[in-house]
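Chains as they are written, first to last, in our numbering: chain A, 1 to 233; chain B, 1001 to 1235.
Here it is in structure tokens:
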């Protein structure tokens, strides 16, 4: 399974129409077939970054299914939908991603809801890392062996779990680049992270924070909130 | 057919190693699959933009071939070579491209693309990337009717550019709206005049011209002067 990850700069005055285009257009149109589904619709939480930014994640069965979907957008039955969307966003920046070897998986495409869902929003921390030249594989391996298990430890500082671990497919985004989509299960640890200094034992020698600096020292976190109708919570 | 467009920010001291790897190992490794071929290897001409930046364009037969390429790079026979290439660059920015409906380049006979690094003269391309504020389709239509059609009628001796391909970004693999022109520079004297002409015409005083009509759909684009290597399969 592949994932089309899009970061949308939405026209503020058209934000509601943009959301409707995905909820009432993209999601049901994909549901007419069996090889692609809208998986998540996220708003970047106001107060944590740029305004009127939306992240969508669309799951597709494989590369061939992705190209068929892209052809529908370029010159097929989804061309008019995309043309309308051009008036609702300033631009979007897309990537096509594949799962890391240790990533959890999402439900099969056929089991992803295609409408009728209303639930409380979930909060995600989306981390995107840029490993040093030639260190992508080492970083992926270390993140799977050290970082991911640490989230589940009893004394974990953050209460969240990796929903998907992703890397860019060749030619479909920036590389080396790794994205972790992490769902928060509790808010207070996040508030503590935002409001308190990180204690030395978390950043000292032997810690993930310290040792992973050999593999990368740049990453970006986004706080994303699911729409109440987002197919996956 | 789709085209993988990659902009490589190469580490300066590893620039020769990077080119050697692409020429001597990567090009041949791609050719071991029937569905992939390196087409262009282009150096961003120093003095006209960023240093140590390389653009490559690879033809891929279809989605299955792209899937297979990804699998080879992530966990297959190209994994180690991909890591060695990674070691020679700061990063690479890639996007998947489809030819637009009027592009001269639509399909490539992959088995006819040289893979032996045969040497030839150098060519220079002007790669224009535009970001319209109108729907993407309107921009592509403008390029067709007011740029491509007019340029086709220009006598060869007066031509600055020959449009060899025009692409749009495949959904979700880069920026939308964005479209790209690959234009081979045919006349360097004319290029010189373009670069040195101090009298920039005011497009708003030229109603009906391409420059004036173009402003109705976009005012942001970027030109890159890209020079083929002496062994680039296409040039």
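Glycine included, C-beta positions come from ideal geometry on N, C-alpha and C. All of these numbers come straight from a predicted model, not from anything done at the bench.
Residue-level contact to chain B via CB, residue i, 9 Å cutoff
i, result
"residue 73 of chain A", "yes"
"residue 127 of chain A", "no"
"residue 25 of chain A", "no"
"residue 133 of chain A", "yes"
"residue 172 of chain A", "yes"
"residue 208 of chain A", "no"
"residue 82 of chain A", "yes"
"residue 86 of chain A", "yes"
"residue 143 of chain A", "no"
"residue 182 of chain A", "no"
"residue 203 of chain A", "no"
"residue 162 of chain A", "no"
"residue 67 of chain A", "yes"
"residue 226 of chain A", "no"
"residue 130 of chain A", "yes"
Range of the contiguous alpha helix (DSSP H) that encloses residue i
i, result
"residue 1188 of chain B", "1188–1196"
"residue 43 of chain A", "No alpha helix (DSSP H) contains residue 43 of chain A, which is instead part of the beta strand (DSSP E) from 36–44."
"residue 208 of chain A", "208–211"
"residue 203 of chain A", "200–203"
"residue 1213 of chain B", "1210–1214"
"residue 17 of chain A", "15–20"
Cβ of residue i within 9 Å of any chain A Cβ
i, result
"residue 1011 of chain B", "yes"
"residue 1168 of chain B", "yes"
"residue 1173 of chain B", "yes"
"residue 1227 of chain B", "no"
"residue 969 of chain B", "The requested residue 969 of chain B is not part of the displayed model; chain B covers only 1001 to 1235."
"residue 1188 of chain B", "no"
"residue 1086 of chain B", "yes"
"residue 1230 of chain B", "no"
"residue 1079 of chain B", "yes"
"residue 1082 of chain B", "yes"
"residue 1004 of chain B", "yes"
"residue 1069 of chain B", "yes"
"residue 1176 of chain B", "yes"
Endpoints, beta strand (DSSP E) assigned at residue i
i, result
"residue 28 of chain A", "Looking at the DSSP string, residue 28 of chain A is not in any beta strand (DSSP E); the run it does join, the alpha helix (DSSP H), is 27–31."
"residue 1157 of chain B", "Careful: residue 1157 of chain B lies outside any beta strand (DSSP E) and carries neither H nor E."
"residue 1179 of chain B", "1179–1185"
"residue 2 of chain A", "2–10"
"residue 234 of chain A", "The requested residue 234 of chain A does not occur in the structure, where chain A is confined to residues 1 to 233."
"residue 1054 of chain B", "1053–1060"
"residue 1217 of chain B", "It is not in any beta strand (DSSP E) - residue 1217 of chain B carries neither H nor E in the DSSP assignment."
"residue 59 of chain A", "53–60"
"residue 1162 of chain B", "1161–1169"
Residue i CB to nearest heavy atom of the ligand ATP below 8 Å
i, result
"residue 1006 of chain B", "As presented, the structure is devoid of all ligands, the ligand ATP included, so that no description of it is given."
Chain E contact for residue i (CB, 9 Å cutoff)
i, result
"residue 159 of chain A", "This model lacks chain E altogether; the protein chains it does include are A and B."
(message) For the structure I just gave you, are there three or more beta carbon pairs, one from the segment 76–94 of chain A and one from the segment 112–126 of chain A, closer than 8 Å?
(response) no
(request) Check distances from the C-beta atoms of the segment 1116–1150 of chain B to those of chain A and list, in chain order, the residues that come in under 9 Å. (result) Here the close residues are 1131, 1132, 1133, 1134, 1135, 1136, 1137, 1138.
(request) Could you name each continuous alpha helix (DSSP H) segment of 4 residues or more that falls completely within the segment 1008–1035 of chain B, going from the start of the chain to the end? (result) 1015–1021, 1027–1031
(request) Pull out every residue of the segment 1038–1067 of chain B whose Cβ sits closer than 9 Å to any Cβ of chain A, in chain order. (result) 1058, 1060, 1062, 1063, 1064, 1065, 1066, 1067
(message) Threshold first: 3 residues or longer. Then list the beta strand (DSSP E) segments lying entirely within the segment 107–191 of chain A, N to C.
(response) 123–129, 160–168, 178–184
(message) Just to confirm the assignment: which complete beta strand (DSSP E) runs, minimum length 3, are found wholly within the segment 1065–1137 of chain B?
(response) If only complete runs of 3 or more residues are kept, the segment 1065–1137 of chain B shows the beta strand (DSSP E) at 1089–1099, 1124–1130, in order along the chain.
(request) Could you name the residues of the segment 43–65 of chain A whose beta carbon sits closer than 8 Å to any beta carbon of chain B, in the order they occur along the chain? (result) Here the close residues are 58, 62, 63, 64, 65.
(message) In chain order, what are the residue ranges of uninterrupted alpha helix (DSSP H) at least 4 long that sit wholly in the segment 66–92 of chain A?
(response) 79–86
(request) Pair every Cβ in the segment 200–215 of chain A with every Cβ in the segment 1063–1071 of chain B, then say whether three or more of these pairs are closer than 8 Å. (result) no
(request) Could you name the residues of the segment 1088–1109 of chain B whose beta carbon sits closer than 8 Å to any beta carbon of chain A, in the order they occur along the chain? (result) 1088, 1089, 1090, 1091, 1092, 1093, 1094, 1095, 1096, 1098, 1101
(message) Under 8 Å, with one C-beta from each stretch per pair, do the segment 149–168 of chain A and the segment 1102–1117 of chain B reach the 3-pair mark?
(response) no
(message) So, does the segment 1075–1086 of chain B touch the segment 1138–1153 of chain B, judging by three or more C-beta pairs under 8 Å?
(response) no
(request) Anything in the segment 1013–1037 of chain B with a Cβ closer than 9 Å to a Cβ of chain A? List those residues in chain order, please. (result) Within the segment 1013–1037 of chain B, the residues whose Cβ lies closer than 9 Å to some Cβ of chain A are 1014, listed in chain order.
(request) Would you check if there are 3 or more beta carbon pairs closer than 8 Å linking the segment 1125–1132 of chain B to the segment 1212–1229 of chain B? (result) yes
(request) Specify whether the segment 18–36 of chain A and the segment 175–194 of chain A touch according to this definition: at least 3 beta carbon pairs, one from each stretch, less than 8 Å apart. (result) no
(request) Spell out a yes or no on whether the segment 22–34 of chain A and the segment 133–142 of chain A are touching, meaning 3 or more CB-CB pairs, one atom from each, closer than 8 Å. (result) no
(request) Mind the definition here: the segment 1166–1175 of chain B touches the segment 1188–1195 of chain B only if three or more C-beta pairs lie below 8 Å; say whether that holds. (result) no
(request) Could you list the residues in the segment 91–125 of chain A with a C-beta less than 8 Å from some C-beta on chain B, going in chain order? (result) 91, 92, 93, 94, 95, 96, 98, 101
(request) Please confirm if the segment 1011–1026 of chain B is in contact with the segment 1046–1061 of chain B, defined as three or more CB-CB distances below 8 Å between the two stretches. (result) Contact holds between the segment 1011–1026 of chain B and the segment 1046–1061 of chain B, because three or more Cβ pairs, one in each stretch, are under 8 Å apart.
(request) Identify each residue in the segment 6–23 of chain A for which the Cβ-Cβ distance to at least one residue of chain B is less than 8 Å, and report them in chain order. (result) 6
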